[in-house]
Amino acid sequence: MAIPYLLLQTIVVPLIAAAVTYPLGRRLGRRVGWVSFAALLYTSVLLLLAGIEIFNTGAPIREEYAWAAIIGLKFGFLADNLSLPVALVMNAVVAATSVYSMPYMKHRLEAMFGKERADQYPLYFVNYLLFAVGLAGVALSTNLIELYVFVELVLIPSYLLIGLFGYVDKERIALMYFIWNHVGAFLFLAGILIVYFTSGSFNIEDMASIARNPLAFWAVLLILVGWLFKMATFGFHVWLPWAHGEHPTSIAAIIAIIVGLGNYVIVRL
132 MAIPYLLLQT
142 IVVPLIAAAV
152 TYPLGRRLGR
162 RVGWVSFAAL
172 LYTSVLLLLA
182 GIEIFNTGAP
192 IREEYAWAAI
202 IGLKFGFLAD
212 NLSLPVALVM
222 NAVVAATSVY
232 SMPYMKHRLE
242 AMFGKERADQ
252 YPLYFVNYLL
262 FAVGLAGVAL
272 STNLIELYVF
282 VELVLIPSYL
292 LIGLFGYVDK
302 ERIALMYFIW
312 NHVGAFLFLA
322 GILIVYFTSG
332 SFNIEDMASI
342 ARNPLAFWAV
352 LLILVGWLFK
362 MATFGFHVWL
372 PWAHGEHPTS
382 IAAIIAIIVG
392 LGNYVIVRL
């Protein structure tokens, strides 16, 4: 039996969890991390069920929702043999790391403030859940603007997590991380706009239609270089050692996922 809105749920459920985490966190303290874990475990199970369905039917799962009809833009998700394993592995890693985050953040807050502060847990877990939503959204997106929005949803919470809970020079390193990744995001967006103006579509599947257009080279170059910035590829990696030395340990596994996510995006596009 097909689960309705299966892929949409993988995005919406953590968003709802993030919304309730903030008020609950002040009462529950670090135990609010179990709300994050429950939401991410649920979405991991959904993605696993999606994988079973794809294996049994041999057909991808596609969901589409009207977004901006005036420009033919649809908000959709696609789970196939390429995107589903990426989304499932990332979601499972983030779910597992949320459990580790609870004892880790207790010690981190004691080191920062000299005592455990319950008001800081909601800040951490809200941004953590938004980060997870961004990762899943990037893997499942079907159009370029949607992909860009989720890329930003990966960047902003991770910037805040470094800036709020980093170590020695957290504000400066968080700003460096933010600027370098936004340079990549800007180049990516510029490439997206070239694709739209040459093809008339933001859909990823329509990108092949611009192959013979002279502007296709520049679109691909901008998109590729933008992701090389975000993947911290050699020559574009200035921010990576600083960020890895500064971010909370519980975020290390997730920051590392971004490199693999970049490889996925390049292959998908």
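Numbering (the working numbering), first residue to last: 132 to 400. Idealized CB from N, CA, C, for every residue including glycine. Treat the numbers as computed from the prediction; the structure is a model and nothing was measured.
Buried or exposed: which applies to residue 134, given that a residue is buried once 16 or more other Cβ atoms fall within 10 Å of its Cβ? exposed
Closer than 9 Å to chain D by CB, residue 233: Note that chain D does not occur in the displayed structure, where there is just one protein chain.
Residue 283: which of 256, 335 and 357 sits nearest, CA to CA? 357
What is the rounded straight-line gap between the Cα of residue 235 and the Cα of residue 241? Between residue 235 and residue 241, the alpha-carbon positions lie close to 10 Å from each other.
Relative to the C-alpha of residue 309, which candidate in 141, 227, 292 and 321 has its C-alpha closest? 292
For residue 361, which residues in the same chain have their Cβ closer than 6 Å to its Cβ, ignoring the five residues on either side in sequence? 312, 315 and 393
Just checking my contact of residue 385 with residue 374 at CB under 8 Å: how many whole Å lie between their CB atoms? The C-beta distance from residue 385 to residue 374 rounds to 12 Å, too long to meet the 8 Å contact threshold.
Three Cβ pairs or more, each shorter than 8 Å: is that satisfied between the segment 266-286 and the segment 239-253? With a cut-off of 8 Å, the segment 239-253 and the segment 266-286 do not count as touching, because too few Cβ pairs lie within range.
Strand pairing of residue 207, partner residues [DSSP]: 195
Reduced DSSP category for residue 272 - H, G, I as helix; E, B as strand; rest coil: strand
Is the distance from the Cβ of residue 256 to the Cβ of residue 164 below 9 Å? yes
Among 139, 355, 148 and 259, whose alpha-carbon lies nearest the alpha-carbon of residue 196? 139
Mind checking whether residue 182 and residue 215 have CB atoms under 9 Å apart? yes
Hey, how far is the Cα of residue 340 from the Cα of residue 299? Roughly 49 Å separates the two Cα atoms.
Own chain residues within Cβ distance below 6 Å of residue 251, not counting five before or after: 240
Would you kindly check if the distance between the Cβ of residue 342 and the Cβ of residue 325 is under 9 Å? no
Looking at the structure shown, is residue 212 part of a helix, part of a strand, or coil, going by DSSP? coil
Taking 9 Å as the cut-off, decide whether the C-beta atoms of residue 323 and residue 399 are in contact. no
Which residues mark the beginning and the end of the alpha helix (DSSP H) in which residue 362 is found? 347-362
Report the partner residues of residue 344 according to the DSSP bridge assignment. Beta bridge pairing from DSSP links residue 344 with no other residue.
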